[in-house]
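Residue numbers (my numbering), protein chains in the order written: chain A, -11 to 330; chain B, -11 to 330.
One structure is given here, and the rest of the page talks about it.
Structure follows, in C-alpha cells:
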C-alpha cells in the first residue's frame, strides 16, 4: 500500500509520547488529524459516544483485542487483522457488520510512522469490509509496559435471518464444510517472527468472510458457523462438539493444506489442524443442502470442501479418518501451539 | 468486598500463563469457570458474538481501554473503573447503557487472584450500573510486554430522548452546572502510585453517573453533557468551547474542591481544575432551566453547583473569574499532569 504523508509532523513527533494519551493538546491533534481525518466518522467521534440509527433491533455484538507480534507480517498487519477478526466474528453469528469501535493502547516510543501505517491499513480493511469506524479511544502506556501497539475493536452487526445459528442447532447427520485451505495465518506470523525463510513465501489468509457467509445464509438453512482462529480447525470443532454434545467425523483427505504450509509445519513440528487461520471458517448444515452450500462456498474459494459429518456417539469426540483407514482423535490442546497470533 | 473463592485452583495455576490466551483447554477453563460463571451472560458468550434484541433502533456506542496504574486504588480498581467509564460515556450521550463487552489483555505471570478480584469488581459495578456484560475476549502477552492487565469495555446504550446533545447545541447565555467536587480520582491514583500518605485518605470519585443524567434529561432540555476524565474540568470545557466556537466564564468560588484535595494539589503542584475525575460531569443547559437542573443534581450530590455561563466573544476562551475580580485563562495543556489515570 502506498503511504500517504503522515498528518502528524514526523520531524517534530517521530515517536508516540505519553502526552499523546493524556487528554491535552497532543492527544487532540492525534485524534483529529490522524484518526478523524482518516476514518471520517461524522462528528460523533469527538464526543463520548457515537449516536447510531440501527436499521434493525436484532443486533449482534462482539469484541476482540489484538496483540499479534510482529505488527506487520506477510499478507497483513495488526490493523487489517483487527478489522477482519471482528467483522468475521459478527459474520459467524449470521450478522451483517455495520459499526466498529477502535481503541489503541500505544507504547511510549512507538514510531509515529508505524501508527500511521496501521491506521491506513485499518481504514482500507474497514472500507473493504463495508463497516464504519464510529468511535474510538487512545491510551499510551510508558515504555516497557506494552509492546508497540495493541488494538481493540468491538463491532455491532444486524441479524438478517430468523434461524438460531450455533452449536445447539447442530444435528446428527449434518454436513461440515470448510471454506478453504488451512494454516496460512499462523505460519505467516511464525515465519515473520522467527525470520524463517521458507522456499515459498506463505501469506496470511486474513480476510473478511462477510460476503461468503451472507451469501450462504441466503441459500442454505445454516446450523452453525465458526471461524478457525486461535487453536485452528481442531479446537473449533472440539468446542462445537462439546457444546452440541455430539461427535464429528472428519476425512483427512478432504482437508486442504497447501504444500508450502504442510512443508513448513513438518519442518517446525506443528499440526496444521491446530494452526490459526484468519480467513477460514466451517459451516455445519443439513445434509440435504450440501450441494448448494458447496457450490456457494466454492464460488469464493475453489478449495472449499465437504470435510466431514456430525454423528451421535456415547462420548463427544472429533475423529480424523486417514486415507489408509486409521483413526485419530483430535483433542483440545492445553494451550496453543503459537502464542500471540492474533 | 469479601472475596469468594477463586474458581481457578490457585495452587495449580497461581499465575496467568500464555496458554490462558491460546485457544485451548486452559483458556476455556478460564472463560467458563471464571468469566461466564461470574457474569452469566446467557449462552451467547461462548460463540463469536452475542445476539441482542435492542428495545430501540436509536443506539449509542462507545469504547474505552483502561490502563490505570496501580490496578487497585482508594475507592476503586481497574475493574470498576472500566464499567463506570464506559457507562458514563453512554450517559454523556444521553443514552441508557444496556450492554457491555469486556476484553482483557493479561500479562503472563499476573497473579490469578488479582484477575479474580478484578472480575468480581467488574461484576459488582456492572450490577450497580444496570448493565449486562454480554461478550468478551481474553489475550495473554508475554512477561514484560504488558503491565499486569489492561481492560477494554465497549458499550451499547439506547437514546431515550429526541434532542441533540453536544457542543453544537450549546448557546450563548447557557448555564454550566458541575455535579460535585473535583480532583478526587487523580489524587487517589497519585497517592496510591507514589505511596504518598496524605493526612486524610482521599478516595476516587469513580461511580456511575447514569441515574443523575437520566433524571436530569427527564426534567431539563439539556444542551451538552461531558464527564471530566483525562484533563479534568479545564480540558473538557476547552473542548466544548472550541467545538461550539463560544467562550465560557467560570466563577472560581463556585467550583467545589475538598480541603484534602486542595491541600494535596498544593503539596504536589497540581491544579485541581486539570486533575481527572471519574464520577463528575458538567451539564450545559438553557438559563431558564437552571433552578430545576440544580435541584435535580443536588439530590444526587449536595456539592453540585452552577459554576458559570456560556458567552459569545471574538476569541474562543475558558476564563476563570477569581473572587477578588482577577481573570485567568484556562488553556488546553499539551499533555496531561498525570499519565495513566484511567
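The C-beta atom is built at its ideal place from N, Cα and C for all residues, glycine as well.
Apply the 10 Å Cβ neighbour rule to residue i and answer buried if 16 or more other Cβ atoms are within range, or exposed otherwise.
i: residue 115/B; result: exposed
i: residue 90/A; result: buried
i: residue -11/A; result: Low confidence applies here, because residue -11/A scores a pLDDT of 46, under 50, leaving its location unreliable; read the following figure in that light. Residue -11/A comes out exposed.
i: residue -1/A; result: exposed
i: residue 125/B; result: buried
i: residue 334/A; result: The requested residue 334/A is not part of the displayed model; chain A covers only -11 to 330.
i: residue 183/A; result: exposed
i: residue 117/A; result: buried
i: residue 244/B; result: buried
i: residue 16/B; result: buried
i: residue 20/B; result: exposed
i: residue 12/B; result: buried
i: residue 328/A; result: buried
i: residue 9/A; result: buried
i: residue 293/A; result: buried
i: residue 283/B; result: exposed
i: residue 99/B; result: exposed
i: residue 287/B; result: exposed
For residue i versus residue j, is the C-beta distance shorter than 8 Å?
i: residue 69/A; j: residue 330/A; result: yes
i: residue 265/B; j: residue 170/B; result: yes
i: residue 309/B; j: residue 225/B; result: no
i: residue 263/A; j: residue 168/A; result: no
i: residue 285/B; j: residue 202/B; result: no
i: residue 220/B; j: residue 261/B; result: yes
i: residue 191/B; j: residue 176/B; result: yes
i: residue 107/B; j: residue 87/B; result: no
i: residue -4/B; j: residue 54/B; result: no
i: residue 267/B; j: residue 197/B; result: yes
i: residue 121/A; j: residue 29/A; result: yes
i: residue 3/B; j: residue 97/B; result: yes
i: residue 62/A; j: residue 247/A; result: no
Closest by CA to residue i, which one among the options?
i: residue 210/B; options: 49/B, 26/B, 283/B, 149/B; result: 149/B
i: residue 222/B; options: 318/B, 38/B, 76/B, 123/B; result: 318/B
i: residue 143/B; options: 297/B, 83/B, 208/B, 44/B; result: 83/B
i: residue 145/A; options: 74/A, 170/A, 123/A, 207/A; result: 74/A
i: residue 325/A; options: -4/B, 2/B, -6/B, 7/B; result: 7/B
i: residue 158/A; options: 300/A, 282/A, 327/A, 248/A; result: 300/A
i: residue 315/B; options: 281/B, 321/B, 241/B; result: 241/B
i: residue 80/A; options: 247/B, 80/B, 36/B; result: 36/B
i: residue 193/A; options: 26/A, 289/A, 10/A, 258/A; result: 289/A
i: residue 141/A; options: 123/A, 128/A, 129/A, 127/A; result: 123/A
i: residue 304/B; options: 27/B, 321/B, 227/B, 77/B; result: 227/B
I want to verify the contact list: residues of chain A whose CB lies under 7 Å from the CB of residue i, in sequence order.
i: residue 39/B; result: 48, 81, 147
i: residue 13/B; result: 320, 321, 322
i: residue 208/B; result: Those do not exist, as residue 208/B stays about 19 Å from chain A at its closest Cβ, beyond 7 Å.
i: residue 165/B; result: Under the 7 Å cutoff, chain A gives no residues; its nearest Cβ is about 17 Å from residue 165/B.
Under 9 Å between beta-carbons, which chain B residues line up against residue i? List them in chain order, please.
i: residue 129/A; result: 55, 57, 134, 135, 138, 327, 328
i: residue 175/A; result: By Cβ distance, chain B contributes nothing, its closest Cβ being about 16 Å from residue 175/A, past 9 Å.
i: residue 110/A; result: Correct list: empty, because the minimum Cβ distance to chain B is about 14 Å.
i: residue 190/A; result: Near residue 190/A there are no residues of chain B at all, since even the closest Cβ is about 20 Å away, more than 9 Å.
What in chain A is Cβ-close to residue i, meaning under 9 Å?
i: residue 6/B; result: 323, 324, 327, 328
i: residue 215/B; result: 36
i: residue 307/B; result: The premise fails here: residue 307/B is roughly 18 Å from chain A at the closest Cβ pair, so nothing lies under 9 Å.
Output, in chain order, the set of chain B residues within a Cβ distance shorter than 7 Å of residue i.
i: residue 142/A; result: 51, 89, 142
i: residue 78/A; result: 37
i: residue 218/A; result: 10, 11
i: residue 71/A; result: Within chain B, no residue comes near residue 71/A; the closest Cβ sits about 14 Å away, beyond 7 Å.
i: residue -4/A; result: Simply none; closest approach about 14 Å.
Can you list the residues of chain B that residue i reaches, using a CB-CB cut of under 8 Å?
i: residue 223/A; result: 11, 12
i: residue 150/A; result: Residues of chain B passing the Cβ test: none, with the nearest at roughly 12 Å.
Chain D beta carbons: is any one of them nearer than 8 Å to that of residue i?
i: residue 42/B; result: The chain labelled as chain D is not found among the protein chains of the depicted structure, namely A and B.
What residues from chain A crowd round residue i, counting only those whose CB sits closer than 8 Å?
i: residue 124/B; result: 51
i: residue 45/B; result: 41, 42, 43, 44, 45
i: residue 19/B; result: Under the 8 Å cutoff, chain A gives no residues; its nearest Cβ is about 11 Å from residue 19/B.
Requested in this report: Could you tell me whether the region 268 to 276 of chain B touches the region 205 to 224 of chain B, where touching means 3 or more Cβ pairs closer than 8 Å?
Outcome: yes
Query raised in the report: Any contact of the region 103 to 121 of chain B with the region 160 to 167 of chain B, i.e. 3+ C-beta pairs under 8 Å?
Result: Pairwise C-beta distances place the region 103 to 121 of chain B out of contact with the region 160 to 167 of chain B, as fewer than three of them are shorter than 8 Å.
Query raised in the report: Between the region 230 to 248 of chain B and the region 133 to 147 of chain B, are three or more C-beta pairs nearer than 8 Å?
Result: no
**Report entry** Three or more C-beta pairs below 8 Å linking the region 36 to 44 of chain A and the region 46 to 64 of chain B
**Finding:** Verdict: yes, contact present.
Query - Cβ contact (3+ pairs, closer than 8 Å) linking the region 245 to 257 of chain A and the region 298 to 314 of chain A - result: no
Report task. Inspect the CB distances between the region 150 to 161 of chain B and the region 52 to 71 of chain B and report whether three or more fall short of 8 Å. Result -> no
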